[in-house]
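A short worksheet on the structure shown next.
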Amino acid sequence: QMNGGSKGYYSNPVFNAGEGRGDIVEVKSRRTWNHLPVWVSDTELMIGQPALIGSTYIRNEYLFIGRTSEGKDLGVYSISVEGKDGHFFDLTGFLTGPIHPGTHKRVKVTFQSSRQYEDFAI
128 QMNGGSKGYY SNPVFNAGEG RGDIVEVKSR RTWNHLPVWV SDTELMIGQP
178 ALIGSTYIRN EYLFIGRTSE GKDLGVYSIS VEGKDGHFFD LTGFLTGPIH
228 PGTHKRVKVT FQSSRQYEDF AI
């Protein structure tokens, strides 16, 4: 709902010079594809600069997975990290179970290494 912003979609037609019913409603009404009432906060999780704690570099980031208010529970069976540098990362928090409509869950992604790295392949 980027009402008043400079770019993107707008849910209120007042921000589209009073035209239409709002971009979000217009897109939904024209959609011909099926949709899933699920959202994910990031399709790519950017890991920021780790902090040196003792002799270990550590950085925590978070990924959120949620359900819209439509439909049934979403069953999540596993969440994992893949890639050649995946062994530097741990996942905690929500990793399996149901996500109820209108709610979300948080996955904590922790980078940990005795050496600082610039680029990762995950």
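Residue numbers (my numbering): 128 to 249. C-beta atoms are modelled at their ideal positions from N, C-alpha and C, and glycine is treated no differently.
Taking threonine 170 as the reference, which of Ile226, Lys211, Tyr189, Pro177 has the closest Cα?
Of the candidates Ile226, Lys211, Tyr189, Pro177, the one whose C-alpha sits nearest the C-alpha of threonine 170 is Tyr189.
Mind checking whether isoleucine 180 and valine 234 have CB atoms under 8 Å apart?
At the C-beta level, isoleucine 180 and valine 234 stay beyond 8 Å of one another.
From this set, Lys199, Asp212, His231, which residue's C-alpha is nearest threonine 237's C-alpha?
It is Asp212.
In the DSSP assignment, find the unbroken beta strand (DSSP E) run with serine 240 in it and report its ends.
It spans 231-240 - the beta strand (DSSP E) in which serine 240 sits, taken as one unbroken run.
If serine 240 and tyrosine 184 are in contact, beta carbons under 8 Å, what's the gap, nearest whole angstrom?
Contact flag correct, Cβ pair sits at about 5 Å.
Start and end of the beta strand (DSSP E) containing glutamate 209?
Unbroken run through glutamate 209: none, as it is neither H nor E.
Starting from the Cα of glycine 175, find the closest Cα among Arg186, His162, Val167 and give me that residue.
The residue with the shortest Cα to Cα distance from glycine 175 is Arg186.
Given a cut-off of 8 Å, decide if histidine 162 and arginine 194 are closer than it, judged by their beta-carbon atoms.
In this structure, the beta-carbon distance from arginine 194 to histidine 162 does not fall below 8 Å.
Write down the C-beta distance between glycine 202 and proline 225 rounded to the nearest angstrom, noting that I regard them as a contact closer than 8 Å.
The pair is a contact, with the Cβ atoms about 6 Å apart (cut-off 8 Å).
Which residue's Cα is closest to the Cα of leucine 222: Lys232, Trp160, Arg158, Phe216?
Of the candidates Lys232, Trp160, Arg158, Phe216, the one whose C-alpha sits nearest the C-alpha of leucine 222 is Lys232.
Taking the beta strand (DSSP E) that tryptophan 166 falls in, what are its first and last residues?
Per DSSP, tryptophan 166 belongs to the beta strand (DSSP E) from 165-167.
Quick one: residues in its chain with C-beta nearer than 7 Å to the C-beta of proline 177, no 5 flanking neighbours on either side, listed in chain order?
Here the set comprises Tyr184, Ile185, Arg186, Phe238, Gln243.
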